[in-house]
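There are 2 protein chains.
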Amino acid sequence: MILVDGREADGIPADDRGLAYGDGVFETMRAMHGTIPLLDLHLERLQRGLAALGIVAPPSASLTGELGRAAGEVRDGVVKLIVTRGSGGRGYMPGAHQPRRVVLTGALPADLPRWREEGMHVAICTTPLDGPAALAGLKHLNRLPQVLASREFPGRADEGLMRDAQGYVVEGTRTNLFVVAGGQLVTPPAGRGVAGVMRRLVMTLAAAEGLTVREAPLRDADLGGEMFLVNAVLGVCPVAALEDAPRPIGTMTRRLQAAVDQEMERRAC
Amino acid sequence: MILVDGREADGIPADDRGLAYGDGVFETMRAMHGTIPLLDLHLERLQRGLAALGIVAPPSASLTGELGRAAGEVRDGVVKLIVTRGSGGRGYMPGAHQPRRVVLTGALPADLPRWREEGMHVAICTTPLDGPAALAGLKHLNRLPQVLASREFPGRADEGLMRDAQGYVVEGTRTNLFVVAGGQLVTPPAGRGVAGVMRRLVMTLAAAEGLTVREAPLRDADLGGEMFLVNAVLGVCPVAALEDAPRPIGTMTRRLQAAVDQEMERRAC
Chain A
0 MILVDGREAD GIPADDRGLA YGDGVFETMR AMHGTIPLLD LHLERLQRGL
50 AALGIVAPPS ASLTGELGRA AGEVRDGVVK LIVTRGSGGR GYMPGAHQPR
100 RVVLTGALPA DLPRWREEGM HVAICTTPLD GPAALAGLKH LNRLPQVLAS
150 REFPGRADEG LMRDAQGYVV EGTRTNLFVV AGGQLVTPPA GRGVAGVMRR
200 LVMTLAAAEG LTVREAPLRD ADLGGEMFLV NAVLGVCPVA ALEDAPRPIG
250 TMTRRLQAAV DQEMERRAC
Chain B
0 MILVDGREAD GIPADDRGLA YGDGVFETMR AMHGTIPLLD LHLERLQRGL
50 AALGIVAPPS ASLTGELGRA AGEVRDGVVK LIVTRGSGGR GYMPGAHQPR
100 RVVLTGALPA DLPRWREEGM HVAICTTPLD GPAALAGLKH LNRLPQVLAS
150 REFPGRADEG LMRDAQGYVV EGTRTNLFVV AGGQLVTPPA GRGVAGVMRR
200 LVMTLAAAEG LTVREAPLRD ADLGGEMFLV NAVLGVCPVA ALEDAPRPIG
250 TMTRRLQAAV DQEMERRAC
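As given, the protein sequences belong to chains A and B, one line each in that order. Here numbering that gives the first Met the number 0 is used: the first residue of the first sequence is 0, the next is one more, and so on. Here numbering that gives the first Met the number 0 is used: the first residue of the second sequence is 0, the next is one more, and so on.
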């Protein structure tokens with residue numbers, strides 16, 4: 000199903016600024032039992048992104064109505080929301096625009112059960128992840144670095160880690176990274192990458208379980224032991240191998256995977 | 000007029016990767032007397048961009064046919080071409096896609112005669128211009144830095160200069176920059192910004208007139224004297240003021256403006 004501004008449609012106008020400049024933001028959401036368990040966190044990040052770009056937020060009731068309709072149809076799957084600045088304008092400079100919202104549904108990745116159970120094979124990409132500080136943490140539509148990085152590992156890995164220009168590990172192309180070090184959880188600060196919704200949930204649940212969670216810059220040398228990757232669709236996936244070197248799937252990973260699953264079920268009911 | 004894959008249409012499919020990720024490239028071309036004088040240079044850069052992104056190039060005959068049709072209709076104006084990787088795929092990782100081409104027409108900027116005659120008022124933006132080396136020089140669809148920079152100067156300037164993370168001046172949000180220093184032309188290397196079609200033409204024409212043209216990094220302190228901005232639609236526009244400080248419109252600027260106009264007319268016949 001595709002909804003454009005609330006109506007079933009196949010496409011969007013060719014003069015949309017999302018196409019022209021990537022002038023917009025998006026959310027990729029897990030639908031479960033016909034609901035979106037993390038809807039509140041997604042909408043909160045969406046609002047932050049729209050505010051940072053100076054895009055007028057669509058009416059909240061329209062968003063929740065359309066996302067609820069999509070989730071009800073897909074039941075268990077993926078609901079994606081794109082909000083662009085809308086059509087037209089003279090060049091890059093935004094004028095007064097009517098923002099446009101697009102809701103799309105999709106299936107869960109076929110490999111998801113394997114990734115969750117056996118873990119993901121992870122490559123380290125050379126495409127750097129950079130960008131203006133004003134875009135830090137936002138899920139905007141300028142995703143060419145992730146597309147280029149994803150072209151580095153087809154057939155040899157399930158996901159790739161990206162580093163910033165200073166060589167610090169930021170995140171996966173579509174996941175946030177957690178490393179277990181000395182009994183603590185460490186995740187890179189969201190300064191360069193995406194402030195992931197599942198990253199936030201994991202941090203909250205870990206703290207609730209009495210675990211220490213730190214945001215700290217990570218170098219390649221810090222990727223030694225137990226690691227896992229998270230996003231809103233995948234939940235918690237262990238890292239089974241990093242660049243062909245097997246990695247242990249640890250108890251901390253399984254514990255947080257279970258905590259997330261439980262919280263998602265609780266929210267979906 | 001809008002052509003999508005050669006057919007008149009209003010829109011593009013909502014699952015296009017150009018919308019989802021900015022996964023594509025574009026060219027903004029000047030139409031003159033129903034032709035596109037710099038078509039060869041535009042198509043050459045387009046091919047470089049498609050190759051860098053690993054997007055299959057659309058058939059050359061289709062491109063020239065559709066661009067010719069658009070130029071014939073708009074006569075004197077703007078023809079924009081967008082080529083995206085096409086629809087779908089599982090996340091960022093590209094699969095086998097059918098690239099999509101979109102041709103749009105538009106009018107010349109209303110202020111163009113004033114900018115060419117009296118010069119542009121130019122601001123210096125704080126939004127930095129960065130990105131992976133793999134995207135250097137390409138006119139790709141990830142343009143949020145330019146959109147953000149353009150939000151810095153509405154009402155107080157006609158264009159804004161952008162710097163990279165090291166503080167070097169790269170280009171305008173939609174123009175390339177030339178500075179006249181010691182009787183020579185200096186323009187920043189195209190490493191961070193766009194390898195502009197008009198930039199290339201100006202460099203060629205200047206060399207043909209016996210002028211020395213250098214590519215060299217520029218700091219704010221190098222923006223002292225005569226300067227001009229170029230792009231394929233605007234031609235050569237003098238800088239009349241930089242951050243409210245008037246700048247002299249020099250003879251070198253006028254000389255190259257005339258050389259470009261003459262060459263455009265020659266090519267349009």
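Cβ coordinates follow ideal geometry from the N, Cα and C atoms, glycine included.
Think of a sphere of 8 Å around the beta carbon of Asn175(A): no beta carbon from chain B falls inside it, the nearest being about 15 Å out. Taking all protein chains in view, the Cβ of Gln165(B) is surrounded by fewer than 16 other Cβ atoms within 10 Å, so the residue is classified as exposed. Cβ-Cβ distances below 6 Å link Thr126(A) to Pro144, Leu147 and Ala148 in the same chain, with the five nearest sequence neighbours on each side left out; the list follows chain order. By the neighbour-count criterion, in which 16 or more other beta carbons inside 10 Å mark a residue as buried, Pro112(A) falls on the exposed side.
With a minimum length of 4 residues, the unbroken runs of alpha helix (DSSP H) contained wholly in the segment 34-75 of chain A fall at 38-52 and 59-73. Per the DSSP secondary-structure output, Pro98(B) pairs with nothing in a beta bridge.
Neighbours of Asp14(A) in chain B, taken as residues whose beta carbon is under 7 Å from its own, are Leu103 in chain order. By the Cβ test, the segment 236-250 of chain B is in contact with the segment 119-134 of chain B, since at least three Cβ pairs between them sit closer than 8 Å. Rounded to whole angstroms, the gap between the alpha carbons of Ala206(A) and Gly234(A) is 17 Å. Beta-bridge annotation (DSSP): Cys124(A) is not paired with any residue. Ile81(A) reaches chain B at Ala13, Leu18 and Ala19, counting residues in chain order whose Cβ is nearer than 9 Å. For Glu170(A), the enclosing beta strand (DSSP E) covers residues Val168 to Gly171. Thr126, Pro127, Asp129, Gly130, Pro131, Ala133, Leu134, His139 and Leu140: these are the residues of the segment 122-140 of chain B whose beta carbon lies less than 7 Å from some beta carbon of chain A, given in chain order. Looking at Gly159(A), Gly181(A) and Gln183(A), the one whose alpha-carbon comes closest to that of Asn175(A) is Gly159(A). Met0(B) sits in coil when the DSSP states are folded into three classes, being neither helix nor strand. Relative to the Cα of Arg254(A), the nearest Cα in the group Arg266(A), Glu208(A), Arg213(A) and Glu214(A) belongs to Glu208(A). Scanning chain B for C-beta atoms nearer than 9 Å to the C-beta of Ser149(A) yields Gly90, Tyr91, Met92 and Pro93, reported in chain order. In this structure, Leu228(A) sits near Phe177(A), with a CB-CB distance shorter than 9 Å. Straight across, the Cα-Cα distance linking Met251(A) with Gly192(A) is about 24 Å.
Ala231(A) is not a Cβ neighbour of Leu49(A), given a cutoff of 9 Å. In the three-state reduction of the DSSP assignment, Asp260(B) falls in the helix class, which pools H, G and I. Per DSSP, the unbroken beta strand (DSSP E) holding Arg162(A) starts and ends at Glu158 to Arg162.
Thr27(A) has Lys79(A) as its beta-bridge partners, per DSSP. Sequence-distant partners of Glu262(A) (beyond 5 residues in either direction) whose C-beta falls short of 7 Å from its own C-beta, in its chain, are Leu200 and Leu204. For the pair Ala194(B) and Gly130(B), the CB atoms are not nearer than the 9 Å cut-off.
Here the alpha carbon of Val169(B) sits roughly 15 Å from the alpha carbon of Leu184(B). Secondary structure at Thr211(B): coil, using DSSP grouped into helix, strand and coil. Its Cα nearest to that of Ala95(B), the residue Thr83(B) stands out among Ala60(B), Val102(B) and Thr83(B). At a C-beta separation below 8 Å, Gln145(B) has these neighbours in chain A: Tyr20 and Tyr91. Its Cα nearest to that of Cys236(A), the residue Arg198(A) stands out among Ala220(A), Asp14(A) and Arg198(A). Non-local beta-carbon contacts of Val73(A) in its own chain, meaning distances under 6 Å to residues more than five positions away in sequence, involve Ala30 and Thr104 in chain order. With respect to chain B, the C-beta atom of Leu66(A) has no partner C-beta closer than 9 Å. The Cβ of Asp75(A) sits no closer than 9 Å to any Cβ of chain B. Rounded to whole angstroms, Pro57(A) and Ala13(B) show a C-alpha spacing of 18 Å. Here Ile1(A) is not near Val24(A), since their CB atoms are 9 Å or more apart.
Residues of chain B whose Cβ lies closer than 9 Å to the Cβ of Thr172(A) are, in chain order, Gly90, Tyr91 and Met92.
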